[in-house]
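Heads up, my numbering is the position in the sequence shown plus 5, with the first residue counted as 1. Here a beta-carbon is modelled for each residue, glycine too, at the ideal position from N, C-alpha and C. Since this is a predicted model, take the numbers as computed values, not measurements.
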Amino acid sequence: MHPSGVQFGLSRGLLQLRGEEVLLSDQLLEAISLEAQLHLHLGRPPIQGNFLVDITVRAAQNALGNDQGARRQEIVPFFVGLNRTMYYTFCRVAERAGLAHKEPRRLITDPDFWNEFCNRAVDVKIKPGKSIAKLQKSLFKVCHEIVKKRYAQHDPDNARHADLITLFMFNFWNATGLLPMTQAVVILGANL
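Structural data, given as structure tokens:
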């Protein structure tokens with residue numbers, strides 16, 4: 006994020022520094038996490054465009070309210086860099102729960118987490134012709150159960166973020182091709 010965007014976010018309580026990293030503030034993370042919980046409570050699909058970015062932008066806008074003291078030169082760089090800051094923040098939250106490891110240029114899913122997910126995914130019962138949306142919902146349920154268990158084991162103080170980070174990991178897998186590959190294996194297995 007551009008320095009003027011960072012300064013804007015820090016001065017408004019939207020960002021925080023952890024060492025050299027610029028992350029979302031705890032307050033903003035809490036608001037996003039509540040939106041993720043609502044998303045699931047309302048039965049919305051786990052993969053729906055860029056809804057995690059939408060939730061993050063909306064939470065930042067709500068936190069700003071009618072702040073008239075900001076200049077365009079500060080606001081624009083903040084919102085331009087918000088997506089990447091969201092990603093880095095969610096990576097760190099997932100890392101604390103033992104779900105992934107953040108390297109400088111990529112996020113690596115924890116192998117034990119991925120193995121447990123894959124082993125449970127092949128047991129998902131699907132009927133021939135079942136829609137991809139229903140299959141994704143079944144696989145999301147498996148992922149969600151594992152994430153909640155891992156939070157209880159590794160990071161119980163942040164278990165309230167389990168819904169958000171399950172959505173994050175599931176969408177991350179979808180974007181990287183891991184989820185479609187898993188879906189194909191489950192469909193193939195059901196047709197044998």
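Alpha carbon of residue i to alpha carbon of residue j, nearest angstrom
i: Phe109; j: Met6; result: Inspection of the sequence shows that residue 109 is occupied by Pro rather than by Phe. Spanning the two alpha carbons is a distance of roughly 16 Å.
i: Glu150; j: Asn55; result: 23 Å
i: Leu184; j: Ala164; result: 24 Å
i: Leu87; j: Ala64; result: 11 Å
i: Val11; j: Val27; result: 8 Å
i: Arg49; j: Thr187; result: 21 Å
i: Ile225; j: Thr114; result: Outside the shown range of the chain, which is 6 to 197, sits residue 225, and nothing can be said about it.
i: Gln21; j: Ala126; result: 37 Å
i: Asn120; j: Arg155; result: 13 Å
i: Lys135; j: Phe145; result: 15 Å
i: Leu47; j: Lys153; result: 19 Å
i: Gln66; j: Tyr92; result: 18 Å
Start and end residues, beta strand (DSSP E) containing residue i
i: His106; result: 105 to 108
i: Arg23; result: 20 to 23
i: Arg111; result: 111 to 114
Residues near residue i by beta carbon distance below 8 Å, same chain, minus five either side
i: Ile131; result: Lys139, Leu140, Ser143, Val191, Ile192, Ala195
i: Val62; result: Phe84, Leu87
i: Arg101; result: His159, Asp160, Asn163
i: Cys96; result: Ala105, Lys107, Leu112
Cβ pair residue i, residue j closer than 8 Å
i: Ile60; j: Asn179; result: no
i: Val98; j: His166; result: yes
i: Thr68; j: Met174; result: The amino acid occupying residue 68 in the given sequence is Ala; Thr does not appear at that position. Contact flag unset, no.
i: Leu29; j: Thr90; result: yes
Boundaries of the alpha helix (DSSP H) in which residue i is found, first to last residue
i: Leu45; result: 31 to 46
i: Ile60; result: 56 to 69
i: Arg155; result: 137 to 159
i: Gly86; result: 77 to 101
i: Met186; result: 183 to 195
i: Val129; result: From DSSP, Val129 is part of no alpha helix (DSSP H); its letter is neither H nor E.
i: Gln12; result: 8 to 16
Close beta carbons around residue i, own chain, < 7 Å, minus the five adjacent residues each side
i: Phe122; result: Val147, Cys148, Ile151
i: Ser16; result: none
i: Ile137; result: Gln188
i: Val129; result: Ser143, Leu144, Val147, Val191
Whole-angstrom C-beta distance between residue j and residue i, which should lie under 8 Å
i: Leu34; j: Thr94; result: 6 Å
i: Leu172; j: Ala41; result: 5 Å
i: Gly70; j: His159; result: Contact doesn't hold; Cβ gap of about 36 Å is too wide.
Chain B contact for residue i (CB, 8 Å cutoff)
i: Leu19; result: Among the chains in the structure shown there is no chain B, since it carries only a single protein chain.
Cβ-heavy atom distance, residue i to the ligand PLP, below 7 Å
i: Leu34; result: The model depicted lacks the ligand PLP and carries no ligand whatsoever.
Sequence-distant residues of its chain with Cβ nearer than 6 Å to residue i (five each side left out)
i: Gly14; result: Leu20, Phe83
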